[in-house]
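Worksheet: the structure to be examined is printed underneath.
Residue numbers (this note's numbering): 1 to 394.
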């Protein structure tokens, strides 16, 4: 069973004390609440690393540490210092290193990946920028990830291809919000985007430091090496990047028409200021589709076209199919689909099953494990991709 499904066990551990209290939850309980997250199983299956988060009431903040527990049972042990923030653990392919994200004294550069040696007792955490978090093939020889280039003037950020020239994004003046309201702009129109107050791209700019927009590109980095190789150079961003188990293909999601990010963002912002139209506004916006390209790079090939945003791209063990989650309509629950690597019509594997999946992983070429919340609890299910049969496992 892959590590992400151990979140079921973590949620059960957290929920047990709360359900046993037999009284209403109070604000004081919040400060005593301990949450477990990010479970990661070691490659040999003997240990589980996870994040423990508590609330420091006097400091008005949360605090996170990395703990490890044997899979056969036993007391969990804290592995990171209580004076620094540490979270999101994962393991090196051989299990010799426990990697995690942390901001702590002594770090160099922009890196925040640290490691503890697990093949011998003792030792301080050290920076390990040669181990990036991302998607790895079966042999664990390299990692693939997406990020925005740091320097817009560097060669790594210059886009190529038919969409290389990014159009400027229209932005309101800084005073549009801070000055007395402009009746022409604030006239009681419907808000159709829920995060309309988010201070993000396309809203109020910073007058002192204009925001630069860099589309996220795909990189490949050998395991243990700090040298990354850029695979794509486009004006659109790549998301949900996943490398096939055989290491030959990269799947990702991008704008359905491969338009520059600035065009997509500008359309979203302008739409939020239009009068409400149920036919238009209830449809998914900023649609993405699934693309596949060779590991060496090249022209992306669309393999799945679907309304809305696809997420959690997961390759089958034989590298022939891609499972993903998506919603058929804007307000519809997520479903699990599978599509062939060469393309075709995505197949809904859940049929008339009424619950919504939350995470998934292939167990074999014909089985997918996924979690779903049913009746207030998180349950683990087995899905047969041949006939759609669903069986609750845990």
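We put the beta carbon where it would ideally sit given N, CA and C, even for glycine.
Residues that DSSP places opposite residue i in a beta bridge
{"i": "residue 102", "result": "86"}
{"i": "residue 291", "result": "252, 302"}
{"i": "residue 61", "result": "56"}
{"i": "residue 353", "result": "DSSP, once it has assigned bridges, lists no residue as partnering residue 353."}
{"i": "residue 381", "result": "370, 392"}
{"i": "residue 78", "result": "67"}
{"i": "residue 146", "result": "218"}
{"i": "residue 311", "result": "325"}
{"i": "residue 239", "result": "253"}
{"i": "residue 30", "result": "DSSP lists no partner for residue 30."}
{"i": "residue 131", "result": "Its beta-bridge partners do not exist; DSSP assigns none."}
{"i": "residue 48", "result": "41, 69"}
{"i": "residue 335", "result": "326"}
{"i": "residue 360", "result": "370"}
{"i": "residue 35", "result": "53"}
{"i": "residue 347", "result": "338"}
Beta-carbon proximity list for residue i, same chain, < 6 Å, skipping 5 on both sides
{"i": "residue 55", "result": "31, 62"}
{"i": "residue 293", "result": "250, 300"}
{"i": "residue 1", "result": "Because residue 1 carries a pLDDT of 42, less than 50, the predicted location of this residue cannot be relied on, and the following value inherits that uncertainty. Cβ neighbours of residue 1 beyond the five flanking positions: none."}
{"i": "residue 134", "result": "143, 144, 145"}
{"i": "residue 80", "result": "65, 66, 86"}
{"i": "residue 57", "result": "31"}
{"i": "residue 297", "result": "231"}
Backbone CA spacing between residue i and residue j [nearest angstrom]
{"i": "residue 242", "j": "residue 372", "result": "22 Å"}
{"i": "residue 77", "j": "residue 65", "result": "11 Å"}
{"i": "residue 252", "j": "residue 47", "result": "31 Å"}
{"i": "residue 51", "j": "residue 131", "result": "19 Å"}
{"i": "residue 73", "j": "residue 45", "result": "12 Å"}
{"i": "residue 88", "j": "residue 315", "result": "22 Å"}
{"i": "residue 138", "j": "residue 353", "result": "32 Å"}
{"i": "residue 247", "j": "residue 100", "result": "24 Å"}
{"i": "residue 360", "j": "residue 309", "result": "17 Å"}
{"i": "residue 232", "j": "residue 24", "result": "53 Å"}
{"i": "residue 104", "j": "residue 129", "result": "14 Å"}
{"i": "residue 387", "j": "residue 106", "result": "54 Å"}
{"i": "residue 166", "j": "residue 290", "result": "Confidence at residue 166 is low in this model, with a pLDDT of 46, below 50, so its placement is unreliable and no value can be given for it."}
{"i": "residue 43", "j": "residue 95", "result": "6 Å"}
{"i": "residue 351", "j": "residue 364", "result": "20 Å"}
{"i": "residue 288", "j": "residue 102", "result": "32 Å"}
{"i": "residue 332", "j": "residue 356", "result": "10 Å"}
{"i": "residue 366", "j": "residue 240", "result": "23 Å"}
{"i": "residue 382", "j": "residue 295", "result": "31 Å"}
{"i": "residue 348", "j": "residue 338", "result": "7 Å"}
{"i": "residue 346", "j": "residue 305", "result": "8 Å"}
{"i": "residue 150", "j": "residue 384", "result": "43 Å"}
{"i": "residue 113", "j": "residue 257", "result": "35 Å"}
{"i": "residue 324", "j": "residue 378", "result": "20 Å"}
{"i": "residue 340", "j": "residue 229", "result": "28 Å"}
{"i": "residue 390", "j": "residue 35", "result": "29 Å"}
{"i": "residue 59", "j": "residue 53", "result": "14 Å"}
{"i": "residue 82", "j": "residue 344", "result": "51 Å"}
{"i": "residue 234", "j": "residue 358", "result": "31 Å"}
{"i": "residue 362", "j": "residue 326", "result": "17 Å"}
{"i": "residue 322", "j": "residue 227", "result": "29 Å"}
Cβ neighbours of residue i in the same chain (closer than 8 Å, five flanking residues each side left out)
{"i": "residue 147", "result": "216, 217, 219"}
{"i": "residue 375", "result": "none"}
{"i": "residue 136", "result": "93, 142, 143, 144, 223, 243"}
{"i": "residue 342", "result": "303"}
{"i": "residue 380", "result": "5, 8, 369, 370, 371, 392, 393, 394"}
{"i": "residue 225", "result": "130"}
{"i": "residue 22", "result": "none"}
Cutoff 7 Å; reference residue i; Cβ partners in own chain excluding five residues on either side
{"i": "residue 90", "result": "40, 99, 133"}
{"i": "residue 245", "result": "137, 138, 315, 317, 319"}
{"i": "residue 238", "result": "146, 216, 217, 218, 232, 252, 254"}
{"i": "residue 38", "result": "50, 51, 87, 88, 89"}
{"i": "residue 84", "result": "102, 104"}
{"i": "residue 115", "result": "97, 98, 99, 125, 126, 128, 131"}
{"i": "residue 140", "result": "93, 223"}
{"i": "residue 117", "result": "96, 97, 123"}
{"i": "residue 119", "result": "96"}
Could you tell me whether the segment 21-29 touches the segment 64-75, where touching means 3 or more Cβ pairs closer than 8 Å?
-> no
Does the pairing of the segment 212-225 with the segment 116-125 give three or more beta-carbon distances under 8 Å?
-> Under the Cβ criterion (8 Å, minimum of three pairs), the segment 212-225 does not count as touching the segment 116-125.
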